[in-house]
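Sequential numbering from 83 applies to the sequence shown in my numbering. All C-beta atoms in this analysis are idealised placements derived from N, C-alpha and C, irrespective of residue type, glycine included. Given the structure is predicted, the values throughout are model-derived calculations rather than measurements. Structure first, commentary second.
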Amino acid sequence: MKILLAGPGTGKTTRVKQIIDTDYATAGRILVLSFTNATVHDLTAAFEGHTNVDCSTLHRYALKINHLKDRYILDGRREDHILFSLANALDIDFSFLCEQLGCITFDEMIAGCLAFIKANPAYAKEQIGVLDLLIVDEYQDFNPTERALIDEIARYAADTLILGDDDQSIYGFKDADPEGIITLYQDATVKKLDHAHMCWRCPDVVVGHAQNLIGRNAHRVDKPWAPSGKAGSYLPVQTTTQPEAISYVVSEIEKTRATNPGTSVLVLSPMGFCVDGLVDALNERGIPCVDFWHSPLGDDEYFHVWWLRAIYTDRNLLNLIFLWKTLSPHFRKKLKNVLSEALKNGFDPNKVLKEVRGWYDHPLEQYVGNPPALVELEKEHGSFTEYIKQLDETDLKSSAERLLQEMSPAKEFDSASINIMSIHKSKGLQADMVFILGLVDGVLPNDSRGTDTIEAQRRLLFVGVTRALSTLHLLSWVRWTEEVHKVDKTKFDYKYAQGCYYGKTSRFVIEMG
Numbered sequence: 083m084k085i086l087l088a089g090p091g092t093g094k095t096t097r098v099k100q101i102i103d104t105d106y107a108t109a110g111r112i113l114v115l116s117f118t119n120a121t122v123h124d125l126t127a128a129f130e131g132h133t134n135v136d137c138s139t140l141h142r143y144a145l146k147i148n149h150l151k152d153r154y155i156l157d158g159r160r161e162d163h164i165l166f167s168l169a170n171a172l173d174i175d176f177s178f179l180c181e182q183l184g185c186i187t188f189d190e191m192i193a194g195c196l197a198f199i200k201a202n203p204a205y206a207k208e209q210i211g212v213l214d215l216l217i218v219d220e221y222q223d224f225n226p227t228e229r230a231l232i233d234e235i236a237r238y239a240a241d242t243l244i245l246g247d248d249d250q251s252i253y254g255f256k257d258a259d260p261e262g263i264i265t266l267y268q269d270a271t272v273k274k275l276d277h278a279h280m281c282w283r284c285p286d287v288v289v290g291h292a293q294n295l296i297g298r299n300a301h302r303v304d305k306p307w308a309p310s311g312k313a314g315s316y317l318p319v320q321t322t323t324q325p326e327a328i329s330y331v332v333s334e335i336e337k338t339r340a341t342n343p344g345t346s347v348l349v350l351s352p353m354g355f356c357v358d359g360l361v362d363a364l365n366e367r368g369i370p371c372v373d374f375w376h377s378p379l380g381d382d383e384y385f386h387v388w389w390l391r392a393i394y395t396d397r398n399l400l401n402l403i404f405l406w407k408t409l410s411p412h413f414r415k416k417l418k419n420v421l422s423e424a425l426k427n428g429f430d431p432n433k434v435l436k437e438v439r440g441w442y443d444h445p446l447e448q449y450v451g452n453p454p455a456l457v458e459l460e461k462e463h464g465s466f467t468e469y470i471k472q473l474d475e476t477d478l479k480s481s482a483e484r485l486l487q488e489m490s491p492a493k494e495f496d497s498a499s500i501n502i503m504s505i506h507k508s509k510g511l512q513a514d515m516v517f518i519l520g521l522v523d524g525v526l527p528n529d530s531r532g533t534d535t536i537e538a539q540r541r542l543l544f545v546g547v548t549r550a551l552s553t554l555h556l557l558s559w560v561r562w563t564e565e566v567h568k569v570d571k572t573k574f575d576y577k578y579a580q581g582c583y584y585g586k587t588s589r590f591v592i593e594m595g
């Protein structure tokens, strides 16, 4: 096993391509796994022409080798939360409820896949095959269960190459931590690869300030990360109010794009309310933007999808249960009682479905178990037209299963637009201009964020600032109102005369120098 531990923008992918071309030129199968779709997209482009290289996210690859192919993977935005709520109301184990309903979360699918291939090596060998090389990118982003699955996949590889950076471990909310890659790096049996460790992405001024910030973390590997001589700008900005900060962002974008229309832009923030008003301000100026903070699907869209899936798929009961909170209080209580009894006495989905029919006060209920032709449904229920257009009459079941993905495709970074997203979401991306909003004590860092330590939040900002190719703007503002109730309120001073809270620039900005 080999490892390349290096800072952001130092050309890890280029180095790996060199290794493949020199040491693995005759390799038949090379598998590259990463955490985010963005990094996989870049890796796929980087290895274009290498027909022996297959790039995938670990989750997508786990789905491919997963033995529970008949299980429905819950949509992580709403469906798992609904079943969590129902399991709590029924006072039963969430995993048990999912098993009875034929569904599973992504995390449990990973754990189940790991357990199965460990217990069934013949199945694992059949699904994974023989790999000449396994490359794992952004290793620090994987949690212990995901790392254990990677270990099992590595058993079928002649060699394994680990890439990553402990300073960019920012997914603590899913139990990922830098410990895994630090331990691996410190293992004397793991070969450390040579690397230039020069930052080709960020301007030298950004590299210097970013080093000041991350160097304050005690639990990290101190590694080279040298400037390249690249020019650029580092601009900490404080305004009085958030609207003034939004105006500053729009003004800087317009000014820069007037002379350089192709300038790519990222607007980042630790919390969504820090960019409130920006989308409207950009729209007013006719500036196209992509808002990654907000899903295009609301309650109404989900309800339409669940009804169509209740009609056209075999998961009638599961989709009706997703709709259980649309029931009247009387029938909601009856549903819980029916489910409770069924789960205690041998769960029969068809029997439960038969009992709950007629409880939903919805015109589509009549079609559950008796699906109409799409043209008939559209004629009778025009509000479903845009959803019906996504369905394939020749394969209704599969197309209905994919309906959520079709209605809400993954948003992708668009260099021609202003990309507005969380700092977490920016992992693997870069842009000429980067704005980070909301850098105020109590927001970032936020001492009240549970297990998310100060060091973890410092790594988060480090990731954000190192997205900048040319210009970095760090924005804070003084006056705050009700937003302080969503963060660490103790860091703000309330002024009765003005009726607002006063904050101060984040200590992280001060640490950067």
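Close Cβ partners of residue i (< 6 Å) along its chain, the five nearest in sequence each way excluded
i, result
"Asp257", "Asn225"
"Ser315", "Thr553"
"Lys407", "none"
Rounded C-alpha distance that separates residue i from residue j
i, j, result
"Lys99", "Asp249", "23 Å"
"Leu402", "Ala538", "40 Å"
"Lys200", "Pro453", "42 Å"
"Ser481", "Lys568", "39 Å"
"Ala424", "Arg160", "24 Å"
"Asp105", "Arg97", "12 Å"
"Leu597", "Leu243", "With the chain covering only 83 through 595, there is no way to say anything about residue 597."
"Ile210", "Ala230", "15 Å"
"Leu409", "Val288", "55 Å"
"Ile112", "Trp282", "27 Å"
"Met83", "Val347", "38 Å"
"Ile192", "Gly131", "31 Å"
"Pro123", "Thr95", "Correcting the residue identity first, residue 123 is His in this sequence and not Pro. Taking the straight line from one Cα to the other gives about 12 Å."
"Tyr583", "Thr323", "11 Å"
"Pro370", "Leu521", "25 Å"
"Val457", "Ser490", "23 Å"
"Lys493", "Val372", "8 Å"
"Glu564", "Val438", "43 Å"
"Pro90", "Gln293", "11 Å"
"Ile296", "His444", "55 Å"
"Arg153", "Arg397", "10 Å"
"Ser499", "Ile328", "16 Å"
"Ile174", "His163", "15 Å"
"Ser138", "Asn119", "8 Å"
"Asp523", "Met353", "13 Å"
"Gly428", "Ser422", "10 Å"
"Thr341", "Pro203", "60 Å"
"Ala107", "Val349", "41 Å"
"Glu475", "Leu390", "13 Å"
"Thr227", "Leu196", "8 Å"
Nonlocal neighbours in the same chain, by C-beta distance under 8 Å from residue i, ignoring five residues either side
i, result
"Thr533", "Only weak support is given to the placement of Thr533: the predicted model assigns it a pLDDT of 48, under 50, and the question is left unresolved by the model."
"Gly194", "Asn148, His149, Leu150 and Ile186"
"Ala171", "Lys418"
"Ile101", "Leu243 and Leu275"
Contact check, residue i vs residue j, beta carbons under 8 Å
i, j, result
"Leu156", "Cys185", "yes"
"Leu542", "Ile252", "yes"
"Phe355", "Asn501", "no"
"Val303", "Leu87", "yes"
"Trp559", "Thr395", "no"
"Asp241", "Leu266", "no"
"Leu485", "Phe495", "no"
"Ile232", "Leu115", "yes"
"Val547", "Ile518", "yes"
"Pro260", "Gly290", "no"
"Leu183", "Phe176", "no"
Opposing strand residues paired with residue i [DSSP bridges]
i, result
"Gly246", "Leu87"
"Leu399", "Beta-bridge pairing links Leu399 to no other residue."
"Tyr583", "Trp562 and Tyr576"
"Tyr469", "Beta-bridge pairing links Tyr469 to no other residue."
"Ser315", "Thr553"
"Cys185", "Tyr154"
Nonlocal neighbours in the same chain, by C-beta distance under 7 Å from residue i, ignoring five residues either side
i, result
"Phe188", "His141, Ile155 and Gly158"
"Trp388", "Asn401, Phe404 and Leu405"
"Arg540", "Leu295, Ile296, Arg298, Asn299 and Phe590"
Short CB-CB distance (under 8 Å) between residue i and chain B
i, result
"Ala107", "No chain B is part of this structure, which consists of one protein chain only."
(request) Could I get the ranges of all uninterrupted alpha helix (DSSP H) runs contained in the stretch 397-457, with 4 residues as the minimum, in chain order? (result) 398-404, 411-426 and 431-438
(message) Extract the residue ranges of the alpha helix (DSSP H) inside the stretch 367-396, only unbroken runs of 4 or more that lie entirely within it.
(response) 381-394
(request) Starting from the N-terminal side, write out each stretch of the beta strand (DSSP E) that is 3 residues or longer and does not extend beyond the stretch 124-156. (result) 135-139
(request) Go through the stretch 198-275 residue by residue and report every complete run of the beta strand (DSSP E) that reaches 3 residues or more, in order. (result) 215-218 and 242-246
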